[in-house]
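See structure below.
Protein chains: 2
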Amino acid sequence: MSEAKTVESRPYHHGDLRRALVDAARRLLEAEGPSALSLRAVAREAGVSPAAPYHHFKDKAELLDAVAQEGWDILDTQMMEAKRDADGPHQLTALGIAYVCFARDNPALYRVMYDAARDKEMLPDDVQKNEDSAYCQVRNTMIAQGANPANETHLELATIAAWCAAHGLAEMAGFKQFEHLKEELGGERQFLEAVLEHVGLFTSAHREC
Amino acid sequence: MSEAKTVESRPYHHGDLRRALVDAARRLLEAEGPSALSLRAVAREAGVSPAAPYHHFKDKAELLDAVAQEGWDILDTQMMEAKRDADGPHQLTALGIAYVCFARDNPALYRVMYDAARDKEMLPDDVQKNEDSAYCQVRNTMIAQGANPANETHLELATIAAWCAAHGLAEMAGFKQFEHLKEELGGERQFLEAVLEHVGLFTSAHREC
DNA sequence: TTCATATCTGAGCGCTGTACAGATATCTTG
DNA sequence: CAAGATATCTGTACAGCGCTCAGATATGAA
Numbered sequence: 001m002s003e004a005k006t007v008e009s010r011p012y013h014h015g016d017l018r019r020a021l022v023d024a025a026r027r028l029l030e031a032e033g034p035s036a037l038s039l040r041a042v043a044r045e046a047g048v049s050p051a052a053p054y055h056h057f058k059d060k061a062e063l064l065d066a067v068a069q070e071g072w073d074i075l076d077t078q079m080m081e082a083k084r085d086a087d088g089p090h091q092l093t094a095l096g097i098a099y100v101c102f103a104r105d106n107p108a109l110y111r112v113m114y115d116a117a118r119d120k121e122m123l124p125d126d127v128q129k130n131e132d133s134a135y136c137q138v139r140n141t142m143i144a145q146g147a148n149p150a151n152e153t154h155l156e157l158a159t160i161a162a163w164c165a166a167h168g169l170a171e172m173a174g175f176k177q178f179e180h181l182k183e184e185l186g187g188e189r190q191f192l193e194a195v196l197e198h199v200g201l202f203t204s205a206h207r208e209c
Numbered sequence: 001m002s003e004a005k006t007v008e009s010r011p012y013h014h015g016d017l018r019r020a021l022v023d024a025a026r027r028l029l030e031a032e033g034p035s036a037l038s039l040r041a042v043a044r045e046a047g048v049s050p051a052a053p054y055h056h057f058k059d060k061a062e063l064l065d066a067v068a069q070e071g072w073d074i075l076d077t078q079m080m081e082a083k084r085d086a087d088g089p090h091q092l093t094a095l096g097i098a099y100v101c102f103a104r105d106n107p108a109l110y111r112v113m114y115d116a117a118r119d120k121e122m123l124p125d126d127v128q129k130n131e132d133s134a135y136c137q138v139r140n141t142m143i144a145q146g147a148n149p150a151n152e153t154h155l156e157l158a159t160i161a162a163w164c165a166a167h168g169l170a171e172m173a174g175f176k177q178f179e180h181l182k183e184e185l186g187g188e189r190q191f192l193e194a195v196l197e198h199v200g201l202f203t204s205a206h207r208e209c
């Protein structure tokens, strides 16, 4: 309470508690990691009572869904930028690298995103519906690089294969077992590129992360 | 208490509480899913007080580590069998399919395995040390299929790439988004094979799951 | 100005992981 | 076989969790 910001749209008491809660959650997530992300801690961080969030989210999972959605949006944006900055034949790898780098730079957020997905056994709906989504960007880039858009099934399988490889690498690139390889190859980026190159769907690229 | 089984090795009061706790955990995991796997529930299932587990495990994470270790052992065995039952050129895909099928058939256990890995930011040590581990089986199979064992780095990168793709597919194969593809391709197995084939490192195989 | 409604608080329930003192069973030593 | 050391297990307790609900409070509509 107290610090009611002078925003023009202040629907009710707090201003926009829903927004404030999601922001508080992301702050906590970055500072303390996923295990510290309790509903009560988020409420505390936002300066409200433990019961307040329940007027904006049905339960904890729904709050985390909102946090995860922001993660997907950021991922979409970063991949769009990566694709824009790469030339044609290197765009697919640029997308792959951007994906893995997003996970590396936002490990807690990435985990929240996939914890929600695993619980629901599905990715967010608009991953396949929104044409600007990371998923659709990969699909469209495959078409641009010569895949036959008419063979819908083949195209989708290739997209899924690339997505799976990128997700696996995103989750495991930070594992201690692979540190010696990063040193040997002269850096993390070289390691990521080398692994993606072995996947076959990707080709070598020259774009900083 | 009470039902002291007539085992020859009964070190102390319970018999082998450590063993009983891990078994209870796996029973709970299968019956109720990962979210029901509380230390207290495990103790309850094993018929002991909530504090009893602390004489065998430092904390909850250490109990889950023991559960996860059993998962890795089972995975090793199943992949060994899959490799044995496949002819040379199809062994790598057979390993990949076996990996994904293990995750499909033991989703809760697979999740415990990788939750622990993500927390520690590493796979279990013997994944790379034990020559019979799933990881080493993949590596050795790549050698058998023509990879140059002298080029250690290249070999390791290819193994990691295959592992990442398999892990990504293992986590996402059950997602609702891909159900229509499974139908279209005539079954889950066809879908899994098709995706792995797109990864490039794998080739088509003919082995039931 | 009055009233309905959306928002937030405070207290409370049953659950969790973990700590600790005390009881009990087993192993070891004489 | 007796006695003390030690490992094992119980009971109780504490703080924190997700979530519920009755009641207080601020807002928008009449």
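Just so you know, the protein sequences line up as chains A and B, in that order. The first sequence runs 1 to 209 under this note's numbering. The second sequence runs 1 to 209 under this note's numbering. Ideal placement from N, C-alpha and C gives every residue a C-beta, glycine not left out.
The continuous alpha helix (DSSP H) containing Gln91 of chain A extends over residues 91-105.
Residue environment for His198 of chain A: buried (at least 16 other C-beta atoms within 10 angstroms of its C-beta). By the beta-carbon neighbour count (other beta carbons within 10 angstroms, threshold 16), Gln190 of chain B is exposed. Pairing Ala116 of chain B with Tyr110 of chain B gives a Cβ-Cβ distance that is not under 9 Å. Counting C-beta pairs with one atom in each stretch, the stretch 137-156 of chain A and the stretch 168-180 of chain A have fewer than three that are closer than 8 Å, which means they do not touch.
Residues of chain A with a Cβ closer than 7 Å to the Cβ of Trp72 of chain B do not exist; the shortest Cβ-Cβ separation is about 14 Å. In the three-state reduction of the DSSP assignment, Ala147 of chain B falls in the coil class, being assigned neither a helical nor a strand state. Using a Cβ-Cβ cut-off of 9 Å, Arg118 of chain B counts as an interface residue toward chain A, since at least one Cβ of chain A sits closer than that to its own.
Secondary structure note for Asp76 of chain A: its alpha helix (DSSP H) is the uninterrupted segment 60-84. For Asp126 of chain B, the uninterrupted alpha helix (DSSP H) segment begins and ends at 126-129. Shown here for Gly96 of chain A: same chain residues with a beta carbon closer than 6 Å to its own, the five before and five after excluded, namely Ala166, Leu196, Phe202 in chain order. A distance below 8 Å between beta-carbons, with the five flanking residues on each side excluded, links Thr141 of chain A to the following residues of its chain, in chain order: Lys83, Gln91, Leu92, Leu95. Val195 of chain B sits in a helix when the DSSP states are folded into three classes. The three-state secondary structure of Val112 of chain A, taken from DSSP, is helix. For Val48 of chain A, the three-state secondary structure derived from DSSP is coil.
When C-beta atoms of the stretch 125-139 of chain B are compared with those of the stretch 122-141 of chain A, fewer than three pairs fall below 8 Å, so the two segments do not count as touching.
Contact note: Val199 of chain B reaches chain A through Ala161, Cys164, Ala165, Val199, Gly200, Leu201, using a C-beta cutoff of 8 Å and chain order. Contact between Trp163 of chain B and Gly71 of chain A is absent: CB atoms are separated by about 25 Å, not below the 8 Å threshold. Straight across, the Cα-Cα distance linking Ala52 of chain B with Ala43 of chain B is about 7 Å. By the beta-carbon neighbour count (other beta carbons within 10 angstroms, threshold 16), Glu184 of chain A is exposed. Here Gly200 of chain B carries a coil assignment [DSSP, helix/strand/coil].
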